[in-house]
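Residues in the sequence shown are numbered from 3 upward in steps of one, following this note's numbering. All C-beta atoms in this analysis are idealised placements derived from N, C-alpha and C, irrespective of residue type, glycine included. Owing to the predicted nature of the structure, the values given are computational and were not obtained by experimental measurement. Here is the structure we will look at.
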Amino acid sequence: MLKIKNINAYYGKVHALKNVSLHLNRGEIVTLIGANGAGKTTLLRAVSGMLRRRGSIRFDGRSIDNMATEDIARLGVAHVPDGRGTFLDLTAEENLRIGAYTRKDRGAVARDMERVFTYFPRLKERRHQQAGTLSGGEQQMLAMGRALMSNPTLLMLDEPSMGLAPVVVETIFEIIQKLNKQGITILLVEQNANLALAVANRGYVLETGKISLTGSGRELLTNEAVRKAYLGEG
């Protein structure tokens with residue numbers, strides 16, 4: 003579904019990604035782990051067309067190298083950024099409707115709104131409440147729900163557990179697995195490597211802008227170097 007080949011990305015003169023190559027098969031959960039500053043967020047932004055990059059990115063067999071962010075989103079790529087990016091002065095429902103701004107199928111949008119509410123019942127309870135008054139966990143749910151309103155086939159999540167209580171993190175990861183079982187391919191950036199690798203089909207380790215290791219989620223969970231560097235052991 004997604005094929006990234008020899009991607010180089012920059013922030014000004016800083017070379018943030020260095021010949022990164024990876025792929026996602028349809029229906030997978032693939033996790034990116036690495037230290038802060040390794041390039042994980044940068045890679046998601048490169049896929050979304052949010053920064054200058056060189057190399058090749060193909061989605062569903064189609065080059066997206068020169069596409070604008072909104073055109074990439076129309077193809078079925080949804081990106082939930084770190085920091086969530088909700089519109090704090092708008093209600094939860096208004097935020098969700100913004101997620102469907104590229105769509106013309108109003109009836110299907112209404113059905114998808116109800117589907118989001120089945121995933122996130124708290125959002126239904128707070129649909130008329132300003133996003134800025136929601137808890138951190140509710141805002142994360144809202145950010146994910148807004149992404150789902152674009153009817154994506156690929157969902158990219160950047161640190162969905164950041165700053166959340168353990169019980170909320172557990173709920174978020176249950177929903178990630180549920181979305182995947184319903185056919186959404188997921189690219190997951192996550193500091194909680196234990197949880198992320200436990201749900202992943204495959205994973206990649208990024209170090210200073212380069213892929214240093216890859217394997218199945220289980221293989222990386224049991225890799226001694228990964229356990230010492232990212233799982234708090236050793």
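Query: Count the other CB atoms within 10 Å of the CB of residue 112; is the residue buried (16 or more) or exposed (fewer)?; Result: exposed
Query: Name the one or two DSSP bridge partners that residue 132 has.; Result: 93
Query: Between residue 149 and residue 157, is the Cβ-Cβ spacing less than 9 Å?; Result: yes
Query: State the Cα-Cα distance for the pair residue 25 and residue 93, rounded to the nearest angstrom.; Result: 37 Å
Query: Output the distance between the C-alpha atoms of residue 131 and residue 96, rounded to the nearest integer angstrom.; Result: 10 Å
Query: With respect to 8 Å, is the separation between the Cβ of residue 138 and the closest non-hydrogen atom of the ligand FMN below this value?; Result: By its list of ligands, the structure shown contains no ligand whatsoever, and the ligand FMN lies outside what it can speak to.
Query: Is the Cβ-Cβ distance between residue 206 and residue 215 less than 9 Å?; Result: yes
Query: Taking all protein chains shown into account, do 16 or more other C-beta atoms lie within 10 angstroms of the C-beta of residue 137, making it buried, or fewer, making it exposed?; Result: exposed
Query: Does the distance from the C-beta atom of residue 153 to that of residue 31 stay below 9 Å?; Result: no
Query: Measure the CB-CB distance between residue 74 and residue 195 and report whether it falls below 9 Å.; Result: no
Query: Assign residue 160 to buried or exposed, taking buried as 16 or more other Cβ atoms, counted over all protein chains shown, within 10 Å of its Cβ.; Result: buried
Query: Buried or exposed, going by whether 16 or more other CB atoms sit within 10 Å of the CB of residue 116?; Result: exposed
Query: Within this structure, are the beta carbons of residue 118 and residue 98 separated by less than 9 Å?; Result: yes
Query: Let's see if you can read the secondary structure: which residues bound the beta strand (DSSP E) around residue 11?; Result: 4-13
Query: Give every residue of the same chain whose Cβ lies closer than 7 Å to the Cβ of residue 233, excluding the five residues on either side of it in the sequence, and list them in chain order.; Result: 195 and 196
Query: Counting C-beta neighbours from all protein chains within 10 Å, is the total for residue 222 16 or more, i.e. buried, or is it exposed?; Result: buried
Query: Beta carbon of residue 213, beta carbon of residue 23: below 9 Å?; Result: yes
Query: Pick from 231, 189 and 230: whose alpha carbon is nearest that of residue 6?; Result: 189
Query: What residues are listed by DSSP as bridge partners for residue 61?; Result: 4 and 64
Query: My guess is that residue 211 and residue 41 are in contact by the Cβ rule of under 8 Å, so how many angstroms apart are they, rounded?; Result: 4 Å
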